[in-house]
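Going down the list, the protein sequences come from chains C and R. Everything in the first sequence is counted per our numbering, starting at 13 for the first residue and increasing by one. Everything in the second sequence is counted per our numbering, starting at 13 for the first residue and increasing by one. Working notes, beginning with the structure itself.
2 protein chains.
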Amino acid sequence: MSEKKIPYKIYLEESEMPKQWYNVRADMKNKPAPLLNPATLKPMTAEELGAVFCKELVNQELDDTNPYIDIPEEIRDFYKMYRPSPLVRAYCLEKKLGTPAKIYYKFEGNNTSGSHKLNSAIAQAYYAKKQGLKGVTTETGAGQWGTALSMACAYFDLDCKVYMVKVSYEQKPFRREVMRTYGASVTPSPSDTTEVGRKILAEHPGTTGSLGCAISEAVEAATTREGYRYVLGSVLNQVLLHQSVIGLETKTALDKYDITPDIIIGCAGGGSNLGGLISPFMGEKLRGEKDYHFIAVEPASCPSFTRGRYAYDFCDTGRVCPLSKMYTLGSGFIPSANHAGGLRYHGMSSTLSQLYDDGLMEARSVEQTAVFEAAEQFARIEGILPAPESAHAIRVAIDEAMKCKETGEEKTIVFGLTGTGYFDMVAYEKFNNGEMTDYIPTDEDLAAGFAGLPKVE
Amino acid sequence: MSEKKIPYKIYLEESEMPKQWYNVRADMKNKPAPLLNPATLKPMTAEELGAVFCKELVNQELDDTNPYIDIPEEIRDFYKMYRPSPLVRAYCLEKKLGTPAKIYYKFEGNNTSGSHKLNSAIAQAYYAKKQGLKGVTTETGAGQWGTALSMACAYFDLDCKVYMVKVSYEQKPFRREVMRTYGASVTPSPSDTTEVGRKILAEHPGTTGSLGCAISEAVEAATTREGYRYVLGSVLNQVLLHQSVIGLETKTALDKYDITPDIIIGCAGGGSNLGGLISPFMGEKLRGEKDYHFIAVEPASCPSFTRGRYAYDFCDTGRVCPLSKMYTLGSGFIPSANHAGGLRYHGMSSTLSQLYDDGLMEARSVEQTAVFEAAEQFARIEGILPAPESAHAIRVAIDEAMKCKETGEEKTIVFGLTGTGYFDMVAYEKFNNGEMTDYIPTDEDLAAGFAGLPKVE
Numbered sequence: 013m014s015e016k017k018i019p020y021k022i023y024l025e026e027s028e029m030p031k032q033w034y035n036v037r038a039d040m041k042n043k044p045a046p047l048l049n050p051a052t053l054k055p056m057t058a059e060e061l062g063a064v065f066c067k068e069l070v071n072q073e074l075d076d077t078n079p080y081i082d083i084p085e086e087i088r089d090f091y092k093m094y095r096p097s098p099l100v101r102a103y104c105l106e107k108k109l110g111t112p113a114k115i116y117y118k119f120e121g122n123n124t125s126g127s128h129k130l131n132s133a134i135a136q137a138y139y140a141k142k143q144g145l146k147g148v149t150t151e152t153g154a155g156q157w158g159t160a161l162s163m164a165c166a167y168f169d170l171d172c173k174v175y176m177v178k179v180s181y182e183q184k185p186f187r188r189e190v191m192r193t194y195g196a197s198v199t200p201s202p203s204d205t206t207e208v209g210r211k212i213l214a215e216h217p218g219t220t221g222s223l224g225c226a227i228s229e230a231v232e233a234a235t236t237r238e239g240y241r242y243v244l245g246s247v248l249n250q251v252l253l254h255q256s257v258i259g260l261e262t263k264t265a266l267d268k269y270d271i272t273p274d275i276i277i278g279c280a281g282g283g284s285n286l287g288g289l290i291s292p293f294m295g296e297k298l299r300g301e302k303d304y305h306f307i308a309v310e311p312a313s314c315p316s317f318t319r320g321r322y323a324y325d326f327c328d329t330g331r332v333c334p335l336s337k338m339y340t341l342g343s344g345f346i347p348s349a350n351h352a353g354g355l356r357y358h359g360m361s362s363t364l365s366q367l368y369d370d371g372l373m374e375a376r377s378v379e380q381t382a383v384f385e386a387a388e389q390f391a392r393i394e395g396i397l398p399a400p401e402s403a404h405a406i407r408v409a410i411d412e413a414m415k416c417k418e419t420g421e422e423k424t425i426v427f428g429l430t431g432t433g434y435f436d437m438v439a440y441e442k443f444n445n446g447e448m449t450d451y452i453p454t455d456e457d458l459a460a461g462f463a464g465l466p467k468v469e
Numbered sequence: 013m014s015e016k017k018i019p020y021k022i023y024l025e026e027s028e029m030p031k032q033w034y035n036v037r038a039d040m041k042n043k044p045a046p047l048l049n050p051a052t053l054k055p056m057t058a059e060e061l062g063a064v065f066c067k068e069l070v071n072q073e074l075d076d077t078n079p080y081i082d083i084p085e086e087i088r089d090f091y092k093m094y095r096p097s098p099l100v101r102a103y104c105l106e107k108k109l110g111t112p113a114k115i116y117y118k119f120e121g122n123n124t125s126g127s128h129k130l131n132s133a134i135a136q137a138y139y140a141k142k143q144g145l146k147g148v149t150t151e152t153g154a155g156q157w158g159t160a161l162s163m164a165c166a167y168f169d170l171d172c173k174v175y176m177v178k179v180s181y182e183q184k185p186f187r188r189e190v191m192r193t194y195g196a197s198v199t200p201s202p203s204d205t206t207e208v209g210r211k212i213l214a215e216h217p218g219t220t221g222s223l224g225c226a227i228s229e230a231v232e233a234a235t236t237r238e239g240y241r242y243v244l245g246s247v248l249n250q251v252l253l254h255q256s257v258i259g260l261e262t263k264t265a266l267d268k269y270d271i272t273p274d275i276i277i278g279c280a281g282g283g284s285n286l287g288g289l290i291s292p293f294m295g296e297k298l299r300g301e302k303d304y305h306f307i308a309v310e311p312a313s314c315p316s317f318t319r320g321r322y323a324y325d326f327c328d329t330g331r332v333c334p335l336s337k338m339y340t341l342g343s344g345f346i347p348s349a350n351h352a353g354g355l356r357y358h359g360m361s362s363t364l365s366q367l368y369d370d371g372l373m374e375a376r377s378v379e380q381t382a383v384f385e386a387a388e389q390f391a392r393i394e395g396i397l398p399a400p401e402s403a404h405a406i407r408v409a410i411d412e413a414m415k416c417k418e419t420g421e422e423k424t425i426v427f428g429l430t431g432t433g434y435f436d437m438v439a440y441e442k443f444n445n446g447e448m449t450d451y452i453p454t455d456e457d458l459a460a461g462f463a464g465l466p467k468v469e
């Protein structure tokens, strides 16, 4: 162990920021399975993917051999406006818990989007601009991704069309207004601006929308317009690649003080944050250089790792996207009563799914009220009001620190604090009023989701 | 000028953070006038003030001779959780404006309270805890101060009673829930929990409250309870003292790179941020060591510096607090139609008022729509969505940078970016929809306010 005094916040110098993203697939012996064309069940080609996604992003999506990919200077310059993010030593939390464990968190919430999503949004906007496109389309549920993309598009002067699930559009007007302030057009989904939207409206006149429907509208809006492409904020390999900036900075900061983590914890919805945080550490593990205990934390209400199946499935409930092999609850599975909107996804990144299937990390599911108890405790002692998503990681970090208190072990725990909860106060209000409940799907609920899995050999 | 490359964000090391606050009054030849007891019109004694405020804070309030006051270690430890705040070089904004000016901003919004208010809240909570008090009371309008105080009280395990103006309580439920998450009790004001509240409710049954009424309730709640004191987030000398941490960090960061600012700009409501930012620079000016051009920016709708009178007046509309000599519009002046709640105060810090009266700084008033235009431009290019209050300073910083573009001068401009606008989206929505209007009080409006000034020799 180092003799250097560890500050509350470890900030890197600008010159220490990563100049390349790390592509964990390059070090995986078992590569993640390719995306399949749902019509032919054959791997999607670059050309097929290029009709939906930007060209350079397709290259990144398919590249499972190059370990390092240069971060263009324009993206690094944007990163410098809000990065490096601090790696914080949770001295106050450790003291409060009375644990011998050493707790660190990488805080990604210090930017207006309020989360790590901006790391990939700016990259995707950059490649769209470089390709000479006019704009991009996307969907957003809780609104973090839509906000991040709006910010990125404003910076590069790109048009940004966001399809926002209608119920969120109405219940989260502030998120909507942040996006509009950044110049994005925000359309409640389903809408009459697309064929698929009109069809859904005709069939279900009173619907408040779903993420699946919003994806379908966003994809249609991109593919039927000259000069537009569709972009996505999680799940994809390219997103994990961009998010590796989180893990790379974390590793550099730890190395500066000769700190080796024992446990690395992240919340897992589609996998963008978890994948980004653990990538460089996982690389060391894959290459046999070091060992770490990785823990993916998911909500008990949407337990794709802990209770899902490893199978080919649609990425969207609208079934317009390619098939991905992943841990999934079935694209028809509808998770209820969970406020962590960013974790309400039926599937999981195919890269993380393969790593999990290979036994390289643990997954744990936690219940909502226990998550908010951890969120409140953390807020009161460490100051930051966490996003409900991030609080899943806090819950398990505290649990592990309390185990250390019992055993006397001085483990070093690192977790990802992906964002802030300023736009999630409806959920906090429920918790403050003692009105929050837990929800765990029954085996029957899960069976119904699995029944909808496509048949792929 | 230095040859060192200036990074996007200048962060100080923990060891470079200030260990003492700077008390600008010590270097003032003309001291700010003392607070007066409204009954006797004699200066308030420490004993009289001690009935309302914590003892150590009273000492700080009255101390106009000691230039440096130690920051207790417990407060410095808390500061380390969210400070040092970055001094940001606005490279992207400069490029967009095409100005030869060099623009820097000190960003105080990277904490859950969303503003600089936490710098004084933690100090006031600390001294209350040290005095063995059970809790503190305060009022809040827009909610930034109430949030900051709730966070500080949670950290020191103090009870926190916040009287929130009823209209804000109802229209800003998210702010309320943040405070509740930190364990504060939040009461809509006027309420039936105080005598003054009951009296007002009886006289005006449908009232939605006012800051003046909330102050009166908070003061009553503190002075009629064993073990409680009242705390205030702006205007007072003690608050400016605590906020000097902003200016001290700014100066250390600039000195590291041999940068000397020409112009220093801050928004001004009660004066806490402006006073804190400029204090150490003003000290140099007062001691004849250096010269700077200071600009206080206030809303045209509430122009206490630019159109107010320098006179003794009540600090609150309820007229229960001591009299302060300050630039004021009269405690009965009600500013309308301005969304920057933090700048809707009829008076001004007595320290800043004296400095302004002595010709040591300029004041400028700006209109609301022009402020939001600057806010939107700044958000899109620098990423951060500013609080409406902070955007007043952005407006003038951009104006000054554009003057440099005309003249070709390479001036160095520093401004205070006090906070984020995440809880101000109702105002942004009005702006996005083109529904925002300006309001400038007429001379008759002002005359009505001045007519209510108390007669003090």
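Glycine residues also receive a C-beta, built at the ideal position from the N, C-alpha and C atoms. Bear in mind that the values here come from a model prediction, so they are computed numbers and not experimental data.
- By the neighbour-count definition (other C-beta atoms within 10 Å, threshold 16), C/A312 is a buried residue.
- DSSP places R/C225 inside the alpha helix (DSSP H), whose first and last residues are L223 to T235.
- Residues of chain C with a Cβ closer than 7 Å to the Cβ of R/L397 are, in chain order, T124, V190 and T193.
- Taking a contact to require three or more Cβ pairs closer than 8 Å, the stretch 34–53 of chain R and the stretch 132–146 of chain R do not qualify as touching.
- Its chain contains Q380, T381, F384 and K442 as the residues whose beta carbon lies nearer than 7 Å to that of R/M448, once the 5 sequence neighbours on both sides are disregarded; these appear in chain order.
- Using a 10 angstroms sphere on the CB of C/M414, the tally of other CB atoms stays under 16, which defines it as exposed.
- Rounded to whole angstroms, R/P112 and C/H351 show a C-alpha spacing of 48 Å.
- When the Cα atoms are used, R/T430 and C/E215 turn out to be separated by approximately 50 Å.
- Distance between R/T57 and R/Y357, taken at the CA atoms: about 26 Å.
- Scanning its chain for C-beta atoms nearer than 7 Å, with the 5 sequence neighbours on each side dropped, one finds around C/T363 the residues V36, R37, P44, N249, L252 and G287, in chain order.
- Residue C/I227 holds the alpha-carbon nearest to the alpha-carbon of C/L244 among C/A308, C/I227, C/R237 and C/I258.
- From the listed residues C/D204, C/Y138, C/L372 and C/T264, the smallest Cα separation to C/A164 is found for C/Y138.
- In the DSSP assignment, R/D82 falls outside any alpha helix (DSSP H) and within the unbroken beta strand (DSSP E) covering Y80 to D82.
- Contact with chain R is absent for C/M29, since none of that chain's Cβ atoms lies less than 8 Å from the residue's Cβ.
- Boundaries of the beta strand (DSSP E) around C/E310: H305 to P311.
- Residue environment analysis places C/Q72 among the buried positions, since at least 16 neighbouring C-beta atoms fall within 10 angstroms of its C-beta.
- Secondary structure of R/E151 (DSSP, three-state): strand.
- For R/R210, the three-state secondary structure derived from DSSP is helix.
- Any Cβ of chain C closer than 8 Å to the Cβ of R/N42 would place that residue at the interface, and such an atom is absent.
- By the neighbour-count definition (other C-beta atoms within 10 Å, threshold 16), C/R299 is an exposed residue.
- For the stretch 389–421 of chain R, the set of residues with a beta-carbon nearer than 8 Å to any beta-carbon of chain C comprises A391, R392, I393, E394, G395, I396 and L397, in chain order.
- Residue contact check for C/N444 against chain R: a CB pair falls below 8 Å.
- Fully enclosed beta strand (DSSP E) runs of no fewer than 3 residues occupy 275–279, 305–311, 321–326 and 335–340 of the stretch 273–353 of chain R, in order along the chain.
- Neighbours of R/C314 across chain C, judged by C-beta separation under 9 Å, do not exist; the nearest C-beta is about 24 Å away.
- Look at the beta carbons and you see the stretch 108–123 of chain R not touching the stretch 141–152 of chain R: under three pairs across the two are nearer than 8 Å.
- In terms of CA proximity to C/V177, C/P200 leads the group C/V408, C/P200 and C/T206.
- Distances from the alpha-carbon of R/Y175 to those of R/I346, R/V198 and R/E28 put R/V198 closest.
- Within chain R, the residues placing a beta-carbon under 7 Å from that of C/F186 are M437, ordered along the chain.
- From the beta-carbon of R/P19, the residues of chain C found nearer than 9 Å are E25, E26, S27 and K92.
- Residue pairing by DSSP places R/D171 opposite R/G147 in a beta bridge.
- Under the 8 Å criterion on CB atoms, C/E447 is classed as non-interfacial with respect to chain R.
- Under DSSP, the beta-bridge partners assigned to C/T199 are C/Y175.
- Rounded to whole angstroms, the gap between the alpha carbons of C/F427 and R/K211 is 52 Å.
- The shortest C-alpha to C-alpha distance from C/G320 to any of C/A460, C/A102 and C/K114 is the one to C/A460.
- Contact between the stretch 432–440 of chain R and the stretch 397–413 of chain R is present, with at least three C-beta pairs closer than 8 Å.
- For C/T124, there is no enclosing beta strand (DSSP E), as DSSP marks it with neither H nor E.
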